[in-house]
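Here full-length UniProt numbering is used: the first residue of the sequence shown is 1, the next is one more, and so on.
Each residue gets a CB set at the ideal place from its N, CA and C atoms; glycine is no exception.
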Amino acid sequence: MPLPMVHMSITQSIFKQKGLEPDPIFLLGSISPDAIHMRENTTRADKKKTHFDFNDDYTVEDLFYSKMSHFVDSIPDNQEWSMFAKGYMSHVLTDLIWSHTVYRDFESQTANKQIDNIRTLYYMETDQIDFNLFRNEDWRAQAWGSLHSCPSIPVPEMLSEDEVEKWKHRVLDWYNDTSKEPHIQPQYITESSVRTFINDAASRLIHLFERAGYL
């Protein structure tokens, strides 16, 4: 699935297309489903739960309409939660869109190649794209400042406030460690294709959110 800079880039694109300043709480929500990685002895079942148990058989519309209102409206009359939950939902929907597009293309392109470890290649390429976005996006510094000062929010029955907080700081610190960067030229998941994905996914999410009255 896409890594944090892609999710945050989509948040930036959503708000830019709407002519608004990005909301820090939405931004935090957009990276928070992966906070499950901060839990000791976490399982694949835990991750599936934080991502609403979706699989590739879902359409984006099915996932949106089956989960959105129940999740966002689960804490009524709470604007902070509502904004965080919309960001959180954008992450899960983005993962599904990515699975249907970028990842499917990656699988198709590598299907007949002699590659020792497809999973390793996938994460090397997506890691490199994330580092490129971190260095090149003009909104990144402001987003980092916003996240630093944004209070973490628990997700009932899925994530604790501490897990969200730890993940936030892991994301904020990750890109400063150059040993994490693969230093490669991606061949299959290119920066150009990811930038196209970011714009297209943001437009698709705006359409869904607006149609349901959430933007």
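Residue from the options with nearest C-alpha to residue i
i	options	result
residue 26	143, 200, 157, 162	143
residue 108	76, 188, 98	188
residue 21	208, 139, 195	139
residue 57	146, 104, 133	104
residue 29	198, 49, 83, 176	83
residue 40	163, 147, 192, 96	163
residue 55	67, 96, 185	96
residue 213	73, 17, 37, 16	73
residue 186	176, 45, 120, 62	120
residue 190	133, 173, 215	133
residue 205	63, 176, 24, 135	63
Length of the line joining the Cα atoms of residue i and residue j
i	j	result
residue 76	residue 93	22 Å
residue 101	residue 59	12 Å
residue 5	residue 128	11 Å
residue 137	residue 131	10 Å
residue 35	residue 211	29 Å
residue 169	residue 71	25 Å
residue 43	residue 166	18 Å
residue 114	residue 156	44 Å
residue 171	residue 154	17 Å
residue 122	residue 193	14 Å
residue 47	residue 53	8 Å
residue 17	residue 181	30 Å
residue 118	residue 184	15 Å
residue 61	residue 203	14 Å
residue 15	residue 195	16 Å
residue 173	residue 215	31 Å
residue 116	residue 106	15 Å
residue 37	residue 45	12 Å
residue 78	residue 67	18 Å
residue 198	residue 12	10 Å
Nearest-angstrom beta carbon gap, residue j and residue i [assumed within contact, 8 Å]
i	j	result
residue 152	residue 161	5 Å
residue 1	residue 98	6 Å
residue 90	residue 10	7 Å
residue 124	residue 50	Not really, about 25 Å apart at Cβ, beyond 8 Å.
residue 126	residue 3	5 Å
residue 146	residue 88	Actually they do not touch by this definition, with Cβ atoms about 16 Å apart.
Range of the contiguous alpha helix (DSSP H) that encloses residue i
i	result
residue 39	Segment: none, residue 39 is in no alpha helix (DSSP H) and carries neither H nor E.
residue 69	60-72
residue 112	Premise fails: residue 112 is in no alpha helix (DSSP H) and is neither H nor E.
residue 201	191-211
residue 96	79-100
residue 8	4-17
residue 146	140-149
residue 183	Here residue 183 belongs to no alpha helix (DSSP H), and DSSP marks it neither H nor E.
residue 169	161-174
residue 130	118-136
residue 26	24-31
Exposure label - residue i; buried when at least 16 CB within 10 Å
i	result
residue 65	exposed
residue 201	buried
residue 86	buried
residue 80	exposed
residue 23	buried
residue 179	exposed
Contact with chain C by residue i, beta-carbon distance below 9 Å
i	result
residue 153	Given the protein chain composition of this structure (a single chain), no chain C is represented.
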